[in-house]
Ligand SMILES: Nc1ncnc2c1ncn2[C@@H]1O[C@H](COP(=O)(O)OP(=O)(O)O)[C@@H](O)[C@H]1O
Ligand SMILES: [Mg+2]
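Chains as they are written, first to last, in my numbering: chain A, 3 to 449; chain B, 17 to 258.
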């Protein structure tokens, strides 16, 4: 007896008991559906995170962060000036492997106002490098330039979201040359960043149906300020307000610590590495430069995107693992259901098995027949499960819209489907063994 | 060399702590081309003997050789192969697959023999023609009479062209007229040279066969041939067994 014959018998048997077979498959269907849905969701999240990572500077971006100096240096910690503009200059001169150096001073919850409208946003004092390192794009005007720094010009570049909210009645308005007040001090808008969004919403928008665009339109269309209910990972980026770092220092930092302008403390220090293959060497170079400017105190550390990237991957893995576990339980229950039904089905067919044995079926022919049959249940259950998964994903999107559209990948489909068939086959093993070891005479006498 | 040889075959069943000797030392040989009747009262071990001959079971002790193959030591797969290609078995209760039509029922042994679908069909048709059921090809057993079912079973038994056909009370579930027709069919098969062993309760049927063996309490009664016709009353119809 060959495989195809077994398949034929299996299909017939399933066709003869459609409803029962469907009930049997249900566990497998749900298991596969949840497995695939889970894969798709985590893949969507991972993809979204990767996109955002790339948008925020990619793996070539490294943050120099403050850290507590080590034990033995604790007493000397006062010697170090911390992260200052001096670091920036030293790095530009002494670390050729570093491509860009971008210092940043931050103010949180600052009043940004225009006529009678006031927003509360964060304001950053930056250098021109901020644009490239942060992967911002200019939609109009220009970026803060060196001359602005030198002249301490009161100029500002804003994110598209800020423009939207300050000029809600005038969609598409690009407010170049307009003056806004930052904590009461007038700044002239010289540039506007482009609207940042995920590839997903970009694709959707380009296809003509954009939630983000609609939302933007609504916001711009003068309706009440729409508080985005869902988490928008690009919100920060679209609500950037940046001014020359020197202007921030002189306008908003008290003159108390303005003793030496080179010692201005900065809140963020970002670097871009020119050659990723020299990642470690670059960090080494940076470390040696900074050790000098920090007078040997190791009060700084690195936050690499690689770590972030790894943490994304590992959290995705963790989600995937727990999701697989739950889906696995569902599949297991489905498998037990199949075993149960197959046992009932062979009990019903003991005589048939006896007849087949009597006319020359070998034990392994009977075995194959039963395993193929349960495998077919798994196979069909798997197919229905894949269909159900797509439905389930649509439902999830409907219930909780997310920027991270679930992504169904080919390996995920193959794994989920393979599991279904595998469980189907596995669940058939015991019934098949029972059926194939039946004594022909006993079987013929049965019932 | 005889086609079938049995030497001191025993088959014991254990039921609880009781041992039942269904066959208690049977020695017998069957030559190719014979048409043999096995008679005897219910419970005398006829079916047990047929099951051993039909390779459906193995003896507790003794030697059984069919067509040169030592059945008493054959593997499970070897027994399957014997049942499939060298032996045809006809049961009292037909044992057809109720979900399959006549054609597929008859084709089934060839499926396990690995015969190609086209050849299978041709040979199944031949066998069905032989038993006179060409007009019933696509009926299922439930749509057939008992006699027709038994014809299908016979077609199935001969379709792989076996050396020997065993029939355990093939007329037991049929009325006498239909039984007669089935017997005629066996007689035709025997006439065309096939070896046939048939178990029957019907003395008049047995009396017409060339060789008879009578069983009693798991043994063969010696010198039966002359005695068969005037042996003490044989149960006319026994429902148990098969
Ligand atoms: N599976 C079994 N377990 C126990 N005893 C059995 C079994 N099969 C047959 N027997 C016993 O063996 C004896 C012979 O039975 P059987 O061969 O069916 O007789 P017959 O076919 O001549 O009526 C009977 O006593 C029967 O009860
Ligand atoms: Mg019997």
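Glycine included, C-beta positions come from ideal geometry on N, C-alpha and C.
Predicted model, so just to flag it, every value in this text is computed and none were measured.
- Annotation: the continuous beta strand (DSSP E) that includes residue 302(A) extends over 302–306.
- Using a CB distance below 7 Å, the part of the region 367–382 of chain A facing chain B consists of 367, ordered along the chain.
- Nearest to residue 339(A) by alpha-carbon distance, out of 408(A), 428(A) and 435(A), is 428(A).
- Residue 105(B) is bridged by DSSP to 182(B).
- Within its own chain, the residues whose Cβ lies closer than 7 Å to the Cβ of residue 101(A), once the five positions on either side in sequence are excluded, are 274, 275 and 276, listed in chain order.
- Taking every protein chain shown into account, the CB of residue 200(B) has fewer than 16 other CB atoms within 10 angstroms, so this residue is exposed.
- Against chain B, the CB of residue 9(A) has no partner CB under 9 Å away; the residue lies outside that interface.
- Restricting attention to 169(B), 219(B), 218(B) and 20(B), the CA atom closest to the CA of residue 360(A) is found in 169(B).
- Residue 22(A) does not reach chain B, its nearest Cβ partner there being about 16 Å away, counting only Cβ pairs nearer than 9 Å.
- A buried status is given to residue 358(A), since no fewer than 16 other beta-carbon atoms sit within 10 Å of its beta-carbon.
- DSSP places residue 140(B) in the uninterrupted alpha helix (DSSP H) bounded by 133–146.
- When the five nearest sequence neighbours on each side are left out, the beta carbons in the same chain lying within less than 8 Å of the beta carbon of residue 333(A) are those of 29, 30, 33, 34, 37, 421, 422 and 425, in order along the chain.
- A distance below 7 Å between beta-carbons, with the five flanking residues on each side excluded, links residue 284(A) to the following residues of its chain, in chain order: 99, 100 and 275.
- Within the DSSP secondary-structure output, residue 211(B) pairs in a beta bridge with 180(B).
- Within the same chain, and ignoring the five residues on either side of residue 183(B) in sequence, the residues whose Cβ sits closer than 6 Å to its Cβ are 106 and 214.
- Across the structure, residue 58(A) and residue 325(A) are spaced so that their CA atoms are roughly 29 Å apart.
- Straight-line measurement puts the Cα of residue 401(A) at about 34 Å from the Cα of residue 160(A).
- In the DSSP annotation of this structure, the continuous segment of the alpha helix (DSSP H) that includes residue 91(A) starts and ends at 87–96.
- Residue 74(B) places its beta carbon 9 Å or farther from that of residue 38(B).
- Contact of residue 105(B) with chain A by beta-carbon distance below 9 Å involves 360 and 361.
- Annotated as distal: residue 41(B) and residue 227(B), with beta-carbon spacing of 9 Å or more.
- In the same chain as residue 327(A), and ignoring 5 residues on each side of it, no C-beta atom comes closer than 7 Å to its own.
- Around residue 101(B), the beta-carbon contacts reaching into chain A at under 8 Å are 362.
- In the structure shown, the three-state DSSP call for residue 29(B) is strand.
- Pairing residue 136(A) with residue 176(A) gives a Cβ-Cβ distance that is not under 9 Å.
- In this structure, the alpha-carbon of residue 130(B) lies about 12 Å from that of residue 5(A).
- Put simply, the CB of residue 55(A) is far from chain B, with every gap to its CB atoms at 9 Å or more.
- Remark: the C-beta of residue 106(B) is outside contact range of ligand 2, defined as less than 8 Å to any heavy atom.
- Interface with chain A (9 Å Cβ-Cβ cutoff): residue 39(B) is excluded.
- The C-alpha of residue 84(A) is placed about 19 Å away from the C-alpha of residue 306(A).
- Checking the DSSP bridge columns, you'll see residue 85(B) partnered with 82(B).
- For the pair residue 110(A) and residue 184(A), the CB atoms are not nearer than the 9 Å cut-off.
- CA-to-CA, the gap between residue 246(A) and residue 145(A) works out to about 10 Å.
- Taking a beta-carbon distance threshold of 9 Å, residue 137(B) does not count as an interface residue toward chain A.
- DSSP assignment within the region 395–445 of chain A yields the following whole alpha helix (DSSP H) runs of 4 residues or more, N-terminal first: 412–438.
- When secondary structure is reduced to three states using DSSP, residue 141(A) falls in the strand class.
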